[in-house]
Amino acid sequence: MDLKDSPKSVKPLAGSCDHEWLEQESPFLVSQLCKFCRLYRYKVAPISDWEYRAPIPRTTFGMDNTA
Numbered sequence: 009m010d011l012k013d014s015p016k017s018v019k020p021l022a023g024s025c026d027h028e029w030l031e032q033e034s035p036f037l038v039s040q041l042c043k044f045c046r047l048y049r050y051k052v053a054p055i056s057d058w059e060y061r062a063p064i065p066r067t068t069f070g071m072d073n074t075a
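Residues 9 to 75 (our numbering) are what the sequence shown spells out, left to right.
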């Protein structure tokens with residue numbers, strides 16, 4: 009099965025994704041997020057190599073108590 013034929017709800021693995029980078033606001037010089045696999049990359053200085061981070065799920069640490 010080709011990645012392009014897979015359902016939209018299935019997130020591709022970062023290693024097999026055709027990344028489409030979206031600019032992100034951050035304290036780094038440049039930061040981007042892939043709109044498909046959610047891989048995050050950033051540069052801390054103009055001559056730096058790209059640093060990559062896996063997506064980190066957002067948690068509220070109990071702040072969304074509805075009880």
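For each residue, glycine too, the CB sits at the ideal point set by N, CA and C.
In the DSSP annotation of this structure, the continuous segment of the beta strand (DSSP E) that includes Lys-51 starts and ends at 48-51. Classified as exposed, Tyr-60 has fewer than 16 neighbouring CB atoms from the shown chains inside 10 Å of its CB. Ser-24 sits in a helix when the DSSP states are folded into three classes.
When DSSP reads this structure, Leu-30 sits in a beta bridge with Leu-41.
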